[in-house]
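K.L.:
FYI, the numbering for the sequence shown is 1 to 455, going by the UniProt record's numbering.
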Amino acid sequence: MSLQRSSQLGWPLCRSCALLLPSRTISATTIIADRSATRHYTASASHQRGFIRKSPAAKNVNKGYGRILNNTVPTEQWQKNYHEVKTRFEKNYKSIYSMVQSSDLIAGKITPKVFLEIGRRLVDQAYNSRPTADALKSIWKGDPATVHEIGRAIWLSGPWEGQVSAWARVATADAGFPWALCQEVTFQIQRMGIHAPTSREMEAVKKLAYEKEDPRALMVWADIARRWGRTEEALDLYRHLNDMAYPSNRRPSLYDDITFRGDYKAPWRILADMYNEAERHEEADEMMKVGALHYRDPQALVTYAYLRKEKDDWESYEQCMLVAAMSGHGEACYRLGNYYYLISKGEVPSRDQRIAQKHPKRAWIASWFARFFRKMDWRRRAINWYEMASAHGDSEGTRNLAVLMREDGHPEALDIFSRLRADSGWWNHKHILKLRIWLYNKSTHNTTTTPELHS
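1) Taking the straight line between their C-alpha atoms, what separation do you get for I150 and H392?
2) Count the C-beta pairs between the segment 259-278 and the segment 110-122 that are closer than 8 angstroms, then say yes if the count reaches three, no if not.
3) Curious, which full-length alpha helix (DSSP H) runs of at least 4 residues does the segment 98-140 contain?
4) So which of D394, S199, H431 has the shortest CA-CA distance to R419?
5) Does the distance from the CB of V164 to the CB of L105 come in under 8 angstroms?
6) Are A305 and Y317 closer than 8 angstroms when you measure CB to CB?
7) What would DSSP say about Y264, mapped onto helix, strand or coil?
8) Rounding to the nearest angstrom, what Cα-Cα distance links K206 and V290 in this structure?
9) At which residues does the alpha helix (DSSP H) containing L208 begin and terminate?
10) Does the Cβ-Cβ distance between E320 and L301 come in under 8 angstroms?
11) For the segment 180-191 against the segment 217-229, are there 3 or more C-beta pairs whose distance is under 8 angstroms?
12) Starting from the Cα of A135, find the closest Cα among G162, W167, S157, A145 and give me that residue.
13) Roughly how many angstroms lie between the CA atoms of E310 and T303, to the nearest whole one?
14) Does the distance from the CB of W385 to the CB of P349 come in under 8 angstroms?
15) Go ahead and pull the three-state DSSP assignment for I355.
16) Can you list, in chain order, the stretches of the beta strand (DSSP E) that have 3 or more residues and sit fully within the segment 135-214?
17) Figure out for me which residue from W78, R120, A284 has the closest Cα to the Cα of T87.
18) Need the endpoints of the alpha helix (DSSP H) that E282 sits in, please.
19) Between F417 and T398, what straight-line distance do the alpha-carbon atoms span, to the nearest angstrom?
20) If we ignore side chains and look at the alpha-carbon of each, how far apart do E347 and S103 end up?
21) Indicate whether A145 and Y275 have their beta-carbon atoms separated by less than 8 angstroms.
22) Use the C-beta contact count for M388: other C-beta atoms within 10 angstroms, 16 or more gives buried, fewer gives exposed.
23) Round the Cβ separation of A324 and P298 to the nearest angstrom and send it over; I've been treating them as touching at under 8 angstroms.
24) What is the DSSP secondary structure of N441, counted as helix, strand or coil?
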């Protein structure tokens, strides 16, 4: 097995990303034959008409229709918030526009002038009307994604005030914008868990998943099926999603990210978890292999390295740990340090020794390598990786580094060891207490008995 040693991580994207469609309402990851599917479940005027109240008392009540986040806000405070948000946006819209434009969070066709006009209308509607598809039309008659993007931009400029972005999410979901639908269902599940009743948004997401194979809808509906105990259905959906996804060194855009910026795990990881729960360990190991070798996920690489170690495949173990360590994974650095330290102690065969064991006729190559790499060289390499592990905050790497540095007579070993104070539970552990006594005695009485390194 050979791995490219790269710190780049693979982000799951759908294979159909190449089929870019003009409308940004449809994800680039969606396989859609019918373009009329861009607006699902749009609420009609007749649907809303039954809720309109025209009496003076009812009009008073209607003032609170837009209050998505908190219905108990006093009217005076509500109006104050409205004016503050609108004033701040009008004052800072150029810097907000530049921020989201540079981060590729808004379509390039939207000019600062259009951004300002849509933002003003959005703030007005968010504080004075219900979040519906009809209300959205008075803001922007084009792609609902644009309104959602600007609502998100306003939230990014002031995260303490979420009314505008929440209103934009619900309204664009009502207009059938797939991302907002999925996000709305995600929030419903987060609020109520498995007891969440079937909602109109859930039905819309299910339709997107099964009829349009929208990857984001597939992810959300698979999660719902799993929570509701429909394990086989969830497994089928996750397998299908895993087949659609492929590794990419480029982070997907917000609306193409099937993990919803970390709200959901990657499909291969969820499959590994579900297989382990069902004690289907061979299939779980296969999914971990996918995460390690295809997506180069650091934790998957470390886990897969353990699996190869159980098979005495030390070459694969070393390469997997190296790739994970080069991405900044502290535990991988620590494990590499252990690996090279055990080689220096003769407890694990080095690469040249493995060559000699596999190919006796090539033993002369092993002896030639041995001239250049002595046991002390392996020990030095172990120290280097322990140092890397310590730099990445790995406590066990810090502990082993301090022990080896003190063995070599370096006075800074005590300073290195004191980094463990940051973790009070670890610092007061019985093994660490013994090490503290040993390090102090060695610095004052020059004792020679070295404690055993934990590997």
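A virtual CB, placed ideally from N, CA and C, is assigned to each residue, including glycine.
P.N.:
Answer, in terms of the structure:
1) 37 angstroms
2) no
3) 112-128, 133-137
4) D394
5) no
6) yes
7) coil
8) 27 angstroms
9) Segment: none, L208 is in no alpha helix (DSSP H) and carries neither H nor E.
10) As written in the sequence, residue 320 is Cys, which differs from the Glu given in the question. Yes, the Cβ-Cβ distance between C320 and L301 is below 8 angstroms.
11) yes
12) W167
13) 11 angstroms
14) no
15) helix
16) none
17) R120
18) 281-289
19) 6 angstroms
20) 51 angstroms
21) no
22) buried
23) 4 angstroms
24) helix
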